[in-house]
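Numbers in this note's numbering are just positions in the sequence shown, counted from 1, shifted up by 51. Worksheet: the structure to be examined is printed underneath.
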Amino acid sequence: MSAPSRSMIELRLDAASGGGASVGRDATGRVVFAMGGLPGEVVRVALDSEKKRFARGNVVEVLESADGRVVPACATAQAGCGGCDLSHAARELQQEMKIVVVADALERIAKIDVPEIIGFRSLDAMAYRTTVRAAVTNGRAGYRRRASHDAVAASECLVAHPRVEELLVDGRWGSAHEVTIRASAATGERLAVVDGPLEGLTIPDDVAKVAAPARGPGAPFISERVAERDWRISAGSFFQSGPAAAQALVDVVGVAAGDLTGRTMLDAYAGVGLFAGSVGQDARAVTAVEVSPSSVADARINLGPGVEIHECRVESWSASPTDVVIADPARAGLGAEALDTLLAAQPDRFVLVSCDAGSMGRDIGLLVARGFQLESVEIVDAFADTSHVEVVTALHR
């Protein structure tokens, strides 16, 4: 049976939208989100889904290209990898698009006036990722095509650290379904979390391997260096995309938190303790809250006895008074329940680290409704060539 034909339309794209799409309107005025397009372009789009008020689809032909359109430098991206969904845009255009998306979330979702200046910190676009998650097909690792379960075998990966790229391209992963590869830029240590049998792998002897989900005691770990200190990061623990991103976030969050001398600080969603152990060094007392047993075990080693660590969901934490909250939630954001718990600590300053513009907008809206004022917004471009953003916002009351 042949696949059903998809509706095709032509339109001009007006602006960037979240998730790597650009947005325009069709002849009826309906909003259309087009993946693979860029603001200012006239494109032909194959629609994947259609609703009364909006539709989504993929660009199949560029009729008038934007000045910022480039040919992706990476051969794997050219072959259809869906990972770097903005690799067809020049870096300057990527920056403009990300600022537009963040500003739109503040105005449309948080319903607040957009600051005159949204800070933007650019990082190196090459070889920055020290952790990648890849699909495995016929023993080879690669990345899924956009909106598909099909994977493109990686012939190269320009955003991956060389120690990671070697395993991604040259490793053979037997009958595994998926693999997460992590390396240390500081020490060269490498580990692989394998979703599937550990037998039949062809990888160098230095690579520590463990079966997914790698959450139990004794899992392999690496040591990374950020903020002039070493961090233990186990196979099942969360860490930023690479040490450069982690350092940039420490720097930006440190400024956003203000002078912590004599003050108390809470690191919510603390992971392995990055902000508690760096930004919190001058605080009178620091508390960390994290639900992952693997991350908590690392945090206890990284932070020592000087930080009070709670292994629980943020929503389950028994709030105690604190001056400054730093919260770095997952993509879904804080939500009302977690925010209620954090605000029960009665902070006068709140630093939010968001990895999704939409959830940032929702969380900022909730904070403003509870009496906070937005003070600063800075984007840390931790994921060059992708639509992902890390946004640090500072609020006070």
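Glycine included, C-beta positions come from ideal geometry on N, C-alpha and C. Note that the structure is predicted; figures quoted are calculated from it, not measured.
Query	Result
So LEU425 and THR437 are in contact, right, with Cβ under 8 Å, and what is the actual spacing, rounded?	Not a contact, Cβ separation roughly 26 Å.
Assign VAL440 to one of three DSSP states: helix, strand, or coil.	coil
Do three or more CB pairs link the stretch 312-321 to the stretch 371-389 at distances below 8 Å?	yes
Who are the near neighbours of GLU366 in its chain, counting only those whose CB is closer than 6 Å to its CB and skipping five residues on each side?	GLU388, ALA389, THR392
Consult DSSP for GLU158 and reduce its assignment to one of helix, strand or coil.	helix
Going along the chain, which residues of its own chain have a beta-carbon closer than 6 Å to the beta-carbon of ALA243, five neighbours each way excluded?	VAL230, ILE232, VAL258, LYS260
Just to confirm the assignment: which complete alpha helix (DSSP H) runs, minimum length 4, are found wholly within the stretch 358-436?	386-394, 408-420
Compute the Euclidean distance between the alpha carbons of MET148 and GLY357, then round it to the nearest angstrom.	42 Å
Using alpha carbons as the reference points, say which of GLY108, VAL110, SER116, ARG142 lies closest to ALA124.	ARG142
Could you have a look at ASP349 and say whether DSSP puts it in helix, strand or coil?	helix
Would you kindly work out how many angstroms separate the C-alpha atoms of GLY412 and ALA265, rounded to a whole number?	33 Å
In whole angstroms, give me the CA-to-CA distance for GLU441 and GLY331.	20 Å
Would a C-beta distance cut-off of 8 Å place ASP349 and SER427 closer than the cut-off?	no
Should ALA270 and ASP246 be called a contact, given that it needs their Cβ atoms to be closer than 8 Å?	no
Do you know offhand how far SER329's Cα is from VAL301's?	7 Å
Can you list, in chain order, the residues of its chain with a C-beta nearer than 8 Å to that of SER53? Leave out the 5 residues immediately preceding and following it.	Its pLDDT being 47, under 50, SER53 is placed unreliably by the model, and the measurement read from it follows with that caveat. Within the same chain, SER53 has no close Cβ partners at all.
What span of residues does the beta strand (DSSP E) with VAL187 cover, start to end?	182-188
Got a sec? Which residues, its chain only, sit under 6 Å from GLU216 by beta carbon, not counting five neighbours each side?	CYS208
Is the beta carbon of ASP414 closer than 8 Å to that of LEU394?	no
Which same chain residues end up closer than 7 Å to ALA128 when comparing Cβ atoms and leaving out the 5 residues on each side of it in sequence?	CYS135, SER138
In chain order, what are the residue ranges of uninterrupted beta strand (DSSP E) at least 3 long that sit wholly in the stretch 86-149?	93-101, 105-115
What's the gap between the Cα of SER199 and the Cα of ASP399?	45 Å
Given this structure, state the Cα-to-Cα distance separating ILE352 from PHE84, to the nearest angstrom.	46 Å
Can you give the beta carbon distance from ALA205 to VAL220, rounded, assuming they're within the 8 Å contact cut?	5 Å
Cutting at 6 Å between CB atoms, please list the residues of its own chain near ALA296, excluding the five before and the five after it.	ALA433
Name the DSSP beta bridge partners of ARG448, please?	Paired residue(s): none; ARG448 is not in a bridge.
Indicate the three-state DSSP secondary structure (helix, strand or coil) for GLU216 in the structure shown.	helix
Would you identify the three-state DSSP class for PHE272, choosing helix, strand or coil?	strand
Compare the Cα-Cα distances from VAL110 to each of PHE171, GLU101, VAL94 and report the closest residue.	VAL94
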